[in-house]
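Take a look at the structure below.
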Amino acid sequence: NKQVFLRNYVSGFPKESDMYLVEGKITLKLPEGSNDVLLKNLYLSCDPYMRTRMNKVDGPEVEGFNAYILDSPLTGYGVAKVIESGDPNYKEGDLVWGFTKWEEYSLVPSTQIVFKIEHNDVPLSYYTGILGMPGMTAYAGFFEIGSPKKGENVFVSAASGAVGQLVGQFAKLTGCYVVGSAGSKEKVDLLKNKLGFDEAFNYKEELDLNAALKRYFPEGIDIYFENVGGKTLDAVLLNLKLHARIPTCGMISQYNLTQHEGVTNLSNLIYKRIRMEGFVVSDYYHLYPKFLEFLLPHIREGKIVYVEDIAEGLENGPAALVGLFSGRNVGKQVVVVARE
Ligand code: NDP
């Protein structure tokens, strides 16, 4: 059973060598009387919050943010096939997505399964992305927290990533004007030419982010979908309209810093009566059936597209995960452990 272990806790940017590959053993038979499920992992999801779990101390008091255990497999979202189940809700051959471990086969409590996969006429890897946790994040954050209205101006950071690419497309479906920022020319082209954003820019090439936002939003921003924090958030605060909303999804630019950068323009929240609302996707999983009903037809008709960055093999997992923090991934970063 090939596994990826965490070698040491991390401070600063994570490196591939913070993880190591192990050839472990697992009995592919459920222990007598067990209620757990035995899974064959197919696709693993690389997610930015995994970095916060590499800190020695537990993260915020939210389920799933506790520190990883050293010399044990990483855990995270993934798509898997049930080999044997002690829980009557699952049976051999079922495809599921939820919390699993970075290894070929896993024995996990059945409560770690988030949903059974009922529709497999779309790529299975999509359940680590557009039809999984990041998809739900974009959906809940944009529609539930953002309360978008037709004609509003939307700005998305980390716009070509797993979450951002969908927020932009949801904004277009709602009839909004949408601009995205990303860290390379290739990503900017993707946003404009494939993902339907009205405009996009490379934040690394803008010396003055405030000026860039003024250029794209002369009348101001109604919704800022926050993925990065730091300097981008600070510049956005100067460019929000009255009663703007900031679905506060993530702040990836701060995850590797020992001390977070100051946001100097925060008082704009007051003057402009802005709602900046943090959210954790798992609070919205009750909306999953509604989400599938909304999204599946759009995928099947090609009205929503999804860009994935596929790393082949568990041994390439650490590099893929670390790559999130240098922007090496183009689209949703997935690791393929097995295809069936
Ligand atoms: P992505 O697929 O977008 O990958 C991360 C991207 O972030 C990189 O490709 C890179 O793109 C960008 N990035 C990395 N470092 C920086 C930096 N210092 N400054 C600006 N951009 C940076 O990740 P996801 O779509 O999965 O996640 C996006 C955000 O959503 C994250 O903050 C994540 O923590 C958050 N999230 C929150 C959830 C919730 O429940 N609240 C659930 C899921 C995700 P580029 O080349 O453009 O810089």
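For the sequence shown, my numbering gives the first residue as 12, with consecutive numbering after it.
Glycine included, C-beta positions come from ideal geometry on N, C-alpha and C.
- If you draw a straight line from the alpha carbon of V48 to that of V133, how long is it in whole angstroms? Walking along the sequence shown from the start, residue 48 turns up at place 37. Walking along the sequence shown from the start, residue 133 turns up at place 122. Cα-Cα distance, rounded: 25 Å.
- Message: On the CB-based measure, 16 or more other CB atoms within 10 Å of its CB, does A222 come out buried or exposed?
- Response: Translated into the one-based positions of the sequence shown, residue 222 becomes position 211. Around the C-beta of A222, fewer than 16 other C-beta atoms lie within 10 Å, and the residue is accordingly described as exposed.
- Paired residues, beta bridge with Y116 - DSSP: Residue mapping note: residue 116 aligns to position 105 of the sequence shown, counting from 1. In the DSSP output, where bridge partners are listed per residue, Y116 has K51.
- Could you tell me whether the Cβ atoms of N204 and G231 are closer together than 8 Å? As a first step, residue 204 is located in the sequence shown; it is residue number 193 there, counting from the start. As a first step, residue 231 is located in the sequence shown; it is residue number 220 there, counting from the start. Not a contact, by the Cβ cut-off of 8 Å.
- E237 beta carbon less than 8 Å from that of T259: Locating residue 259 in the sequence shown gives position 248, where the first residue counts as 1. Locating residue 237 in the sequence shown gives position 226, where the first residue counts as 1. Cβ distance < 8 Å, so T259 and E237 count as in contact.
- Item | Simplified DSSP state of F302, which is helix, strand or coil | As a working mapping, residue 302 is identified with position 291 in the sequence shown. In the three-state DSSP reduction, F302 falls in the helix class (H, G or I).
- Span of the beta strand (DSSP E) holding N213? Position 202 of the sequence shown, counting from 1, holds the residue named residue 213. Element bounds for N213: E210 to N213.
- Query: Between the segment 324 to 331 and the segment 187 to 196, are three or more C-beta pairs nearer than 8 Å?
  - Reply: Verdict: no, contact absent.
- Task: Using only alpha-carbon positions, find the residue among N131, S171, N12 and L50 that is nearest to L335.
- Result: Indexing the sequence shown from 1 puts residue 335 at position 324. It is S171 whose Cα lies nearest to the Cα of L335.
- Quickly, what does DSSP pair I405 with across the bridge? List them, please. Only positions 12 to 351 of the chain appear in the structure, and residue 405 is not among them; the question remains open.
- Query: Are the Cβ atoms of F76 and Y54 separated by less than 8 Å?
  - Reply: Reading the sequence shown from its first residue, position 65 is the one you call residue 76. Reading the sequence shown from its first residue, position 43 is the one you call residue 54. No, they are not a contact pair.
- Rounded C-alpha distance that separates S56 from S337: The residue given as residue 56 occupies position 45 in the sequence shown. The residue given as residue 337 occupies position 326 in the sequence shown. Approximately 17 Å between the Cα atoms of the pair.
- Message: Suppose only complete runs of 4+ residues qualify. What are the alpha helix (DSSP H) ranges in the segment 311 to 347, listed by chain order?
- Response: 328 to 334
- Item | Candidates I281, L41 and L81: closest to L32 by CA position | By 1-based counting over the sequence shown, the position of residue 32 is 21. The candidate whose alpha carbon is nearest that of L32 is L81.
- Message: Can you find the residues in the same chain that come closer than 6 Å, C-beta to C-beta, to R286, ignoring five residues on each side of it along the sequence?
- Response: Numbered from its first residue, the sequence shown carries residue 286 at position 275. Correct list, in chain order: R256.
- Item | Residues that I188 bridges to, as DSSP identifies them | The residue you call residue 188 lines up with position 177 of the sequence shown. Per the sequence presented here, residue 188 reads as Tyr, with Ile not at that position. Answer is N164, bridged to Y188.
- Message: In whole angstroms, give me the CA-to-CA distance for L307 and K242.
- Response: Taking the sequence shown and counting its residues from 1, one reaches residue 307 at position 296. Taking the sequence shown and counting its residues from 1, one reaches residue 242 at position 231. Rounded to whole angstroms, the gap between the alpha carbons of L307 and K242 is 36 Å.
- Beta carbon of M144: closer than 7 Å to some heavy atom of the ligand NDP? Indexing the sequence shown from 1 puts residue 144 at position 133. Yes, the Cβ of M144 comes within 7 Å of a heavy atom of the ligand NDP.
- Where do the N-terminal and C-terminal ends of the beta strand (DSSP E) with Y295 fall, by residue? Counting from 1 along the sequence shown, the entry for residue 295 is found at position 284. That residue, Y295, is in no beta strand (DSSP E); it is neither H nor E in DSSP.
- Put K203 into one of helix, strand or coil per three-state DSSP. Along the sequence shown, one-based indexing puts residue 203 at 192. Three-state result, K203: helix.
- Where does M262 fall in DSSP's three states? Along the sequence shown, one-based indexing puts residue 262 at 251. Judged by DSSP in its simplified three-state form, M262 adopts coil rather than helix or strand.
- Message: Does the segment 204 to 219 come into contact with the segment 125 to 140, if we say contact requires no fewer than three beta-carbon pairs (one atom in each stretch) closer than 8 Å?
- Response: No: fewer than three Cβ pairs fall under 8 Å.
- Task: Leaving aside the five residues before and after D200 along the sequence, list all residues of the same chain whose C-beta is less than 7 Å from its C-beta, in chain order.
- Result: If you number the sequence shown from 1, residue 200 lands on position 189. The answer is none, since no qualifying residue turns up.
- When you compare each of E115, M65 and T275 to D245 by their alpha carbons, which one comes out closest? Here residue 245 is taken as the residue at index 234 of the sequence shown, counted from 1. Nearest option by C-alpha distance: T275.
- By Cβ distance below 6 Å, which residues in the same chain neighbour Q14 in space, the five residues on each side in sequence not counted? One-based indexing of the sequence shown puts residue 14 at position 3. Only V33, G35, P84 and E114 meet the Cβ criterion.
- May I ask whether a heavy atom of the ligand NDP can be found less than 7 Å away from the beta carbon of N340? On the sequence shown, residue 340 is found 329 positions in, with the first residue counted as 1. It does: the Cβ of N340 is within 7 Å (strictly closer) of some heavy atom of the ligand NDP.
- Assuming Y227 and L220 make a contact with CB atoms under 8 Å, what is their CB distance in whole Å? Here residue 227 refers to the residue found at position 216 of the sequence shown. Here residue 220 refers to the residue found at position 209 of the sequence shown. Contact doesn't hold; Cβ gap of about 11 Å is too wide.
- Below 8 Å, can you find three or more Cβ-Cβ pairs linking the segment 121 to 131 to the segment 168 to 185? no
- Item | Any non-hydrogen atom of the ligand NDP closer than 7 Å to A169 Cβ | Mapped onto the sequence shown, residue 169 falls at position 158. Because some heavy atom of the ligand NDP lies under 7 Å away, the Cβ of A169 counts as near it: yes.
- Query: Can you list, in chain order, the stretches of the alpha helix (DSSP H) that have 4 or more residues and sit fully within the segment 88 to 154?
  - Reply: Entirely contained in the segment 88 to 154, the alpha helix (DSSP H) runs reaching 4 residues are, in chain order, 144 to 150.
- Backbone secondary structure at V239 - three-state DSSP: Taking the first residue of the sequence shown as position 1, residue 239 is located at position 228. Coil at V239, not helix or strand.
- Item | Inter-residue Cα distance where the pair is R339 and G44 | By one-based count along the sequence shown, residue 339 stands at place 328. By one-based count along the sequence shown, residue 44 stands at place 33. Computed Cα separation, rounded: 45 Å.
- Item | Beta-carbon proximity of L50 to A91, cut-off 8 Å | Mapped onto the sequence shown, residue 50 falls at position 39. Mapped onto the sequence shown, residue 91 falls at position 80. Going by C-beta atoms, L50 is nearer than 8 Å to A91.
- Taking the CB atoms as reference points, tell me whether W2 and G143 lie closer together than 8 Å. The first residue shown for the chain is 12 and the last is 351, placing residue 2 beyond what the model contains.
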